[in-house]
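The next block holds one structure in the form of structure tokens; read it before the comments.
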Amino acid sequence: MKKTYLLLITAFLFLDALQAQPSFVKVNHQQFILNNRPYYYIGANYWYGGLLALATDPAKGKERLIKELDFLHERGINNLRVMAGVEGTGKINGVTRAFPSLQPKQGEFDTDLLKGLDFLLVEMGRRNMKAVIFLSNNWEWSGGFLQYLNWNGLLPDSILRRKMSWDENRDFVKQFYTCEPCKTAYTEQLKLIVNRINTITHKAYKDDAAIMAWELANEPRPMRPEAIPQFTKWIDNVSALIKSIDKNHLVTTGSEGEMGSENMETFGRIHAFKNIDYLTIHIWPKNWGWFSDTSIAKGFDSIVAKTKRYITSHLEIANRLNKPLVVEEFGLPRDNHSFIPRSSTNLRDNYYREIF
-19 MKKTYLLLIT AFLFLDALQA QPSFVKVNHQ QFILNNRPYY YIGANYWYGG LLALATDPAK
41 GKERLIKELD FLHERGINNL RVMAGVEGTG KINGVTRAFP SLQPKQGEFD TDLLKGLDFL
101 LVEMGRRNMK AVIFLSNNWE WSGGFLQYLN WNGLLPDSIL RRKMSWDENR DFVKQFYTCE
161 PCKTAYTEQL KLIVNRINTI THKAYKDDAA IMAWELANEP RPMRPEAIPQ FTKWIDNVSA
221 LIKSIDKNHL VTTGSEGEMG SENMETFGRI HAFKNIDYLT IHIWPKNWGW FSDTSIAKGF
281 DSIVAKTKRY ITSHLEIANR LNKPLVVEEF GLPRDNHSFI PRSSTNLRDN YYREIF
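Heads up: the sequence shown at position 93 corresponds to 73 in our numbering, and the numbers run straight through without jumps.
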């Protein structure tokens, strides 16, 4: 009888231990899995969440963050895409970048700023929300690749601060993938984030189930066809590095799809790597010139048709690779391009219905 009780107690302890294990999102063929069940989500970009928690005025900081998380959670949004940190300070490509900076100078980190990300992850975990954290940026608004190029002598301050032409921007950013010290500096920030211990829970980020995935960057692009070989090699190397550090979380690219890859072949290749768990695409009809600035209504049917073709063509690659595809970003301006909060969003609402 004592042996029977002992076996039962051991079994219950084992089951309790299993139930206490954190629940990480996994991939099974083209399906996300959470707690042995299919995982579906509606997400939102919330890049500033970690920075918001740092505000000295609680009403503008943590209190606002909690209100916004509650607002999102109550409306069924259960997945947020957030930024790891800002690189550099001051103007870049003619605009004021986000602040404060995690890495104000190359190799110098203000790790106290990550307490904001700590707080965000704790609050998301309390609401059973998942985070996708992007580790750098193809674009200037958070420093990103341009800042690494500046730090390593490939982009002078005089050019970094002013507005560059599109071709100038492409010609500079493409050099990131052949700049070894740039890539090393990026890797140092990556390792700082992935290996971080949350100051509130004392749990390692790599053991935190509030995180769904690491994203190599926001919308990484080769920028020029000649940079594609080094770009694809970088995707492969960095995804392998993350997996060597963190066995629990998914890894993805943050790609826009064909528009950010130069061609569909490159898009397929970078998502075929074994350490890339799922595919991403973004859809921005205005940015991509799918309609003129004054003709959303006139061009609406064409916008929808192009969007459906874009999704379908990338889904074909996802089917071939047997991996999930996430439409990670998409958007359309308010009616008549208004920025007034009370202005109508009829066309945008219809567009979202078509996508969903």
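Here a beta-carbon is modelled for each residue, glycine too, at the ideal position from N, C-alpha and C. What you are looking at is a predicted structure, and each value in this text was computed from that prediction instead of being measured.
Along the region 218 to 272, the alpha helix (DSSP H) occurs as fully enclosed runs of 4 or more residues at 244 to 252, listed in sequence order. As for any beta strand (DSSP E) of minimum length 3 sitting wholly inside the region 148 to 174, there is none.
DSSP places N118 in the coil class of the three-state scheme, outside both helix and strand. For I335 against V307, the beta-carbon gap comes to about 7 Å, under 8 Å, which counts as contact. In this structure A193 is buried. Its beta-carbon is surrounded by 16 or more other beta-carbon atoms within 10 angstroms. Contact between G29 and V62 holds: CB atoms are separated by about 5 Å, below the 8 Å threshold.
In the DSSP assignment, Q127 falls within the unbroken alpha helix (DSSP H) covering G124 to W131.
Here DSSP, grouped into helix, strand and coil, assigns L94 to helix. The Cβ-Cβ distance between P304 and Q11 falls below 8 Å. Residue pairing by DSSP places V66 opposite no residue, since no beta bridge is assigned to it. Residue environment: E43 is assigned as exposed (fewer than 16 neighbouring CB atoms within 10 Å of its CB, all protein chains considered).
Listed as beta-bridge partners of Q210 by DSSP are no residues whatsoever.
Within the region 21 to 78, complete beta strand (DSSP E) segments of at least 3 residues are found at 23 to 25 and 59 to 63, given in chain order. Two segments are said to touch when three or more pairs of C-beta atoms, one from each, lie closer than 8 Å; by this definition the region 159 to 176 touches the region 113 to 130. In chain order, K71 place their CB closer than 6 Å to the CB of R141, counting only its own chain and leaving out the 5 sequence neighbours on each side.
For L140, the enclosing alpha helix (DSSP H) covers residues D137 to R141.
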